[in-house]
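Chains as they are written, first to last, in the working numbering: chain A, 1 to 227; chain B, 228 to 432; chain C, 433 to 648. Quick notes on the structure that follows.
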Amino acid sequence: MEIKSSNWVVKPVWILFKDLKSEMRNRYALNTIVMFALTTLTVVSFSIGGFSLNSRITSSLFWLVIFFSSMSGLAQVFVKEEESKTVNLLKLTASPGTVLVGKLLFNLVLLLVLEVVIVPLFIIWMNLSILNLPLFFAVLLLGSLGLVCSTTIIAAIISKSHIKGALLAVLSFPILLPLLIAGIDGTRLSLESHDFSAGFGDLGLLGSYVVVMFTASILLFDFVWNE
Amino acid sequence: MISLESKNLGKWFGPRKIFEEIDFSLPDKGSLVITGKNGSGKTTLLKILCGLIRPTQGQVLIRHDGKNLTTDESRNLFGLVMPDLELYAELTALENLSFLSRIRGVIPAPEDLKKIITRVGLEGRENDFVFSYSSGMKQRLKYAFALFHEPDILLLDEPTANLDDEGIELAEEIISLQKEKGVLIIATNRKEDFEYGDKILQLGS
Amino acid sequence: MFWKIVLLIWMSVVIVAIFLLPPPQLQLGEVSRIFFFHVPMAWVAVLAFLLSFIYSILYLREKDLIYDNRAKTAARLGLLFTVLATISGSIFAKAGWGSFWNWDPRETSIFILLLIYGAYFALRSAVDSEEKEASLSSVYAILAFLTVPFLVFVIPRVYQSLHPNDSVISSSLRLQMSPAILITFLASMIGFTGLFVWIFKLETRVNRLMDESKEG
Chain A
1 MEIKSSNWVV
11 KPVWILFKDL
21 KSEMRNRYAL
31 NTIVMFALTT
41 LTVVSFSIGG
51 FSLNSRITSS
61 LFWLVIFFSS
71 MSGLAQVFVK
81 EEESKTVNLL
91 KLTASPGTVL
101 VGKLLFNLVL
111 LLVLEVVIVP
121 LFIIWMNLSI
131 LNLPLFFAVL
141 LLGSLGLVCS
151 TTIIAAIISK
161 SHIKGALLAV
171 LSFPILLPLL
181 IAGIDGTRLS
191 LESHDFSAGF
201 GDLGLLGSYV
211 VVMFTASILL
221 FDFVWNE
Chain B
228 MISLESKNLG
238 KWFGPRKIFE
248 EIDFSLPDKG
258 SLVITGKNGS
268 GKTTLLKILC
278 GLIRPTQGQV
288 LIRHDGKNLT
298 TDESRNLFGL
308 VMPDLELYAE
318 LTALENLSFL
328 SRIRGVIPAP
338 EDLKKIITRV
348 GLEGRENDFV
358 FSYSSGMKQR
368 LKYAFALFHE
378 PDILLLDEPT
388 ANLDDEGIEL
398 AEEIISLQKE
408 KGVLIIATNR
418 KEDFEYGDKI
428 LQLGS
Chain C
433 MFWKIVLLIW
443 MSVVIVAIFL
453 LPPPQLQLGE
463 VSRIFFFHVP
473 MAWVAVLAFL
483 LSFIYSILYL
493 REKDLIYDNR
503 AKTAARLGLL
513 FTVLATISGS
523 IFAKAGWGSF
533 WNWDPRETSI
543 FILLLIYGAY
553 FALRSAVDSE
563 EKEASLSSVY
573 AILAFLTVPF
583 LVFVIPRVYQ
593 SLHPNDSVIS
603 SSLRLQMSPA
613 ILITFLASMI
623 GFTGLFVWIF
633 KLETRVNRLM
643 DESKEG
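This is the structure:
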């Protein structure tokens, strides 16, 4: 008996499940990314000690921790397939679009898990008082989406190079800059004011960034994947 | 009715020419043996035929009942066994087959999975992680992956690599079955394998 | 040959004119003349970025290495002019705002351009096969270009507040765009653009010849 699951919404989910299963067994990415975040956070928190910082600096530190931790782990989705010679399995069985969306989903889950660990710790250690929780989480969610959209296709690019390791941060930073700046600004606003509408500008920027980067990734991924 | 045609294929890696002007056409139930020294481009040619890498010049035409197929349409027609192609070591044999079938678009029935596992002689080991497999068992599992979706075009690179006598028998059986069903292409340097092809293509001569 | 001589004469006249024709700006004095070098350099840096983007798209569509060669050359010249614009801008900023670097929106933008070019060449040197290098760097150039509109919106939002009176230079210049200044400025823009086109053509030809000699 054959059940068709040709739907393009379902197939990426199988890739996500496969990667999650591998990740649970081997922890290629999660351990690195969480430990990296914890280390950075500890350093930041130690050096600040009892001082309370202004919201601009706090929100910058917050996004810096997230940025550098993601750089330490989000490339694994493609680098691992390339190194274990399993890339061709995916090429033989799935369309490029399916692969990209599946990998995007996995990176998103990874980043959200990281944030579940890191955000409460950041709030406690840095003694944060968030005045506007909805705005804080809206900015965090949209920012994470955008971060994942850009880093996933760049991860695919660097998996084809022979340096791999350090290249992700170098290539991602200029592309992520608008996202980071808008994210930092949005987070700062959520720390400073109760007014949700104050964050509309940044949310709009983050939202359109996600749309543009997702569309561009879908259109361009073919050229990276089949190279 | 499936057919495969290679038109004027050529591949360069940078300035280094691997091969050029490869022309052949295989009708349904046609078979071809590709042979040539190490580095003559046997594996590269197989990869080009199934769309894993792009040729520098020329094209591959896959026709189904006379209609040319796109890469997306022809993807599920190919079965491939190749030393370069590894299965997921951290998954079990069953998980590998099940996942790969799902992203092809088919949720496999347990009895079909059992059948293919038995066919390649891995029964009893199907729930072991692939990293615990010997290279011969991995080769058998590669056959299971290549055959599970009943491909019309089967590409085999060194079909008997790492196999014991029993495994070689299995490979031979698979090869003769495929010759009745669809297109078969084998890349090999073993003289014994040459008889499987209607035609022989010598690379790098 | 003919228009190279025209370009030589044009640029010589422009350089002399920059030092003689426009009156020195009131607050800044003679330093303000760097404006006539700085802005055209920055313009060429952006033009090169645009060209690199267009040739990257053409490469992905046509898969012809000629386009990749052009994209690479445009990026290399872009990097050169970005560095020149950054240095001249820094000197300008020292005179205008009292320090070499202020993270004002324009400085930030040019700095990001520098980062993009740097990343682009880091990627190019990290790939072994020629076609792979061409495809991957084309995709990267397109992604990088797509972030530009966001930067245009996002940078002023955040950095304007740091420099409420950053307009000493721009507003005074706008007010004082007398005919002499305007003509010199436009002539310099044309001159630098011509210079860029000339170097661009020369470089692509050299690259092509080098590729051909490698094959032959």
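Glycine residues also receive a C-beta, built at the ideal position from the N, C-alpha and C atoms.
### Message
Just to confirm before moving on: does the CB-CB distance between THR319 (chain B) and PHE358 (chain B) stay below 7 Å?
### Response
On the second sequence, position 92 is the one that residue 319 (chain B) refers to. On the second sequence, position 131 is the one that residue 358 (chain B) refers to. For THR319 (chain B) and PHE358 (chain B), no; Cβs fall outside 7 Å.
### Message
Need the endpoints of the beta strand (DSSP E) that GLY237 (chain B) sits in, please.
### Response
Position 10 of the second sequence holds residue 237 (chain B). First-last of the beta strand (DSSP E) with GLY237 (chain B): 229-240.
### Message
Between LEU482 (chain C) and chain A, is the shortest Cβ-Cβ distance under 7 Å, so that the two count as touching?
### Response
Indexing the third sequence from 1 puts residue 482 (chain C) at position 50. It does not: the Cβ of LEU482 (chain C) has no partner Cβ on chain A nearer than 7 Å.
### Query
Using a beta-carbon distance below 7 Å, is GLY241 (chain B) in contact with chain C?
In the second sequence, residue 241 (chain B) corresponds to position 14, counting from 1. At least one chain C Cβ lies under 7 Å of GLY241 (chain B).
### THR39 (chain A), enclosing alpha helix (DSSP H) - first and last residue
Reading the first sequence from its first residue, position 39 is the one you call residue 39 (chain A). From DSSP, the alpha helix (DSSP H) with THR39 (chain A) extends over 30-48.
### Query
I think LEU279 (chain B) touches ASN88 (chain A), with their Cβ atoms under 8 Å apart; what is that distance to the nearest whole Å?
As a working note, residue 279 (chain B) is residue 52 in the second sequence. As a working note, residue 88 (chain A) is residue 88 in the first sequence. That pair is a contact at about 6 Å.
### Message
Please confirm whether ARG331 (chain B) has its beta-carbon closer than 7 Å to some beta-carbon of chain A.
### Response
For this step, residue 331 (chain B) is matched to residue 104 along the second sequence. At least one chain A Cβ lies under 7 Å of ARG331 (chain B).
### For SER252 (chain B), three-class secondary structure by DSSP
To locate residue 252 (chain B), count along the second sequence from 1; it is residue 25. Strand at SER252 (chain B).
### Message
Is there a C-beta anywhere in chain A that falls below 7 Å from the one on LYS564 (chain C)?
### Response
Translated into positions along the third sequence, residue 564 (chain C) becomes position 132. For LYS564 (chain C), the answer is yes, since a Cβ of chain A falls inside 7 Å of its Cβ.
#### Entry: Within-7 Å CB hit, ASN107 (chain A) to chain B
Translated into the one-based positions of the first sequence, residue 107 (chain A) becomes position 107. Chain B, which has no Cβ nearer than 7 Å to the Cβ of ASN107 (chain A), makes this no.
### Query
Who are the Cβ neighbours of THR636 (chain C) in its own chain at under 7 Å, not counting the five residues just before and after it?
Taking the third sequence and counting its residues from 1, one reaches residue 636 (chain C) at position 204. Around THR636 (chain C): ASN501, ARG502, THR505.
### Task
Would you mind working out which of C:PRO611, C:GLY550, C:SER522 sits nearest ILE175 (chain A), comparing C-alpha positions?
Position 175 of the first sequence, counted from the start, is the residue given in the question as residue 175 (chain A). Selected option, being the one with the closest Cα: C:GLY550.
### Task
Would you verify that the beta carbon of ARG27 (chain A) is, or is not, closer than 7 Å to some beta carbon of chain B?
Within the first sequence, residue 27 (chain A) is the residue found at index 27, counting from 1. Answer no: the Cβ-Cβ gap between ARG27 (chain A) and chain B never drops below 7 Å.
### Query
When we look at the beta-carbon of GLU23 (chain A) and count the other beta-carbons within 10 Å, is it buried (16 or more) or exposed?
What you label residue 23 (chain A) is simply residue 23 of the first sequence in a count that begins at 1. Result: buried.
### Message
So VAL170 (chain A) contacts chain C; which residues on that side make the cut at Cβ distance below 9 Å?
### Response
Your numbering for residue 170 (chain A) matches position 170 in the first sequence. Simply LEU547, GLY550, ALA551, ALA554, LEU555.
### Task
Express the C-alpha separation of CYS277 (chain B) and LYS238 (chain B) in angstroms, rounding to a whole number.
Start at 1 with the first residue of the second sequence, and residue 238 (chain B) comes out as number 11. Start at 1 with the first residue of the second sequence, and residue 277 (chain B) comes out as number 50. Those two C-alpha atoms are separated by around 14 Å.
### Message
Could you give the first and the last residue of the continuous alpha helix (DSSP H) run that contains PHE409 (chain C)?
### Response
With chain C covering only 433 through 648, there is no way to say anything about residue 409 (chain C).
### Task
Use the C-beta contact count for ASP560 (chain C): other C-beta atoms within 10 angstroms, 16 or more gives buried, fewer gives exposed.
Residue mapping note: residue 560 (chain C) aligns to position 128 of the third sequence, counting from 1. Classification for ASP560 (chain C): exposed.
#### Entry: Check whether PRO454 (chain C) and ILE613 (chain C) have beta carbons under 7 Å apart
Here residue 454 (chain C) refers to the residue found at position 22 of the third sequence. Here residue 613 (chain C) refers to the residue found at position 181 of the third sequence. Result yes, Cβ atoms of PRO454 (chain C) and ILE613 (chain C) sit closer than 7 Å.
### Query
Looking only at C-alpha atoms, which of B:LYS256, B:LEU340, B:ASN323, B:ILE261 sits nearest to LEU428 (chain B)?
For this step, residue 428 (chain B) is matched to residue 201 along the second sequence. Cα-wise, what sits closest to LEU428 (chain B) is B:ILE261.
### Task
Could you tell me whether the Cβ of ILE175 (chain A) comes closer than 7 Å to any Cβ of chain C?
The count along the first sequence starts at 1 and reaches residue 175 (chain A) at position 175. ILE175 (chain A) counts as touching chain C.
### Message
If you follow the alpha helix (DSSP H) that LEU111 (chain A) is in, where does it begin and where does it stop?
### Response
Locating residue 111 (chain A) in the first sequence gives position 111, counting from the first residue. 96-125 is the span of the alpha helix (DSSP H), which, as asked, contains LEU111 (chain A).
### Task
Take ALA576 (chain C) and list the residues in its own chain whose beta-carbon comes closer than 6 Å to its own, dropping the five residues that flank it on each side.
Along the third sequence, read from residue 1 onward, the residue named residue 576 (chain C) stands at position 144. Counting only Cβ-Cβ distances below 6 Å, and skipping sequence neighbours, we find ILE548.
### Task
Quick one: grab the DSSP three-state call for LEU607 (chain C).
Position 175 of the third sequence holds residue 607 (chain C). Confidence is the limiting factor: at LEU607 (chain C) the pLDDT is only 49, short of 50, which leaves the residue's position unreliable, though a coordinate-based value still follows. Note: LEU607 (chain C) maps to helix in three-state DSSP.
### Task
Assuming LEU205 (chain A) and ALA182 (chain A) form a contact by the criterion Cβ under 8 Å, report the distance between their Cβ atoms to the nearest whole angstrom.
On the first sequence, position 205 is the one that residue 205 (chain A) refers to. On the first sequence, position 182 is the one that residue 182 (chain A) refers to. Their Cβ separation, rounded to whole angstroms, is 4 Å, which keeps LEU205 (chain A) and ALA182 (chain A) in contact under 8 Å.
### Task
Check the Cβ of GLU227 (chain A) against every Cβ in chain C and list those closer than 8 Å, keeping chain order.
Here residue 227 (chain A) corresponds to residue number 227 of the first sequence, with the count starting at 1. The contacting residues are GLU563, LYS564, SER567, LEU568.
### Query
Going by Cα to Cα distance, which pick from C:ALA573, C:TRP529, C:PHE434, C:ILE437 is closest to LEU171 (chain A)?
Your numbering for residue 171 (chain A) matches position 171 in the first sequence. When each option's Cα is compared against that of LEU171 (chain A), the closest is C:ALA573.
#### Entry: When B:ASN303, B:HIS291, B:ILE275, B:GLY348 are compared against GLY332 (chain B), the one with the closest alpha-carbon
For the purposes of this step, residue 332 (chain B) is taken as residue 105 along the second sequence, with counting starting at 1. Among B:ASN303, B:HIS291, B:ILE275, B:GLY348, the Cα nearest to that of GLY332 (chain B) belongs to B:ASN303.
### Query
How about PHE468 (chain C) and PHE585 (chain C): are their beta carbons less than 7 Å apart?
Taking the first residue of the third sequence as 1, we reach residue 468 (chain C) at position 36. Taking the first residue of the third sequence as 1, we reach residue 585 (chain C) at position 153. Cβ atoms of PHE468 (chain C) and PHE585 (chain C): not closer than 7 Å.
### Query
For LYS504 (chain C), which residues in chain B fall below 9 Å Cβ to Cβ?
Here residue 504 (chain C) refers to the residue found at position 72 of the third sequence. Going along chain B, no residue has its Cβ under 9 Å from LYS504 (chain C), so there is no contact; the nearest lies around 16 Å.
### Task
Could you have a look at ARG290 (chain B) and say whether DSSP puts it in helix, strand or coil?
In the second sequence, counting from the first residue as 1, residue 290 (chain B) sits at position 63. ARG290 (chain B) falls in the strand class under three-state DSSP.
### Message
Once DSSP output is grouped into helix, strand and coil, what is the label at MET385 (chain B)?
### Response
For the purposes of this step, residue 385 (chain B) is taken as residue 158 along the second sequence, with counting starting at 1. For the sequence presented, residue 385 (chain B) should be read as Glu rather than Met. Here GLU385 (chain B) sits in coil by DSSP.
### Task
Assign GLU227 (chain A) to one of three DSSP states: helix, strand, or coil.
Locating residue 227 (chain A) in the first sequence gives position 227, where the first residue counts as 1. Coil.
### Query
Buried or exposed: where does PRO282 (chain B) fall if 16 or more other Cβ atoms within 10 Å of its Cβ makes it buried?
As a working mapping, residue 282 (chain B) is identified with position 55 in the second sequence. Looking at its Cβ environment, which holds 16 or more other Cβ atoms inside 10 Å, PRO282 (chain B) is buried.
### Message
Give me, in chain order, the residues of the same chain whose beta-carbon lies closer than 8 Å to that of ARG640 (chain C); leave out the 5 immediate sequence neighbours on both sides.
### Response
Sequence index remark: in the third sequence, residue 640 (chain C) carries index 208 (1-based). ILE498, ASN501, listed in sequence order.
### Query
So does the stretch 55-75 of chain A actually touch the stretch 29-46 of chain A, counting three or more Cβ pairs closer than 8 Å?
yes
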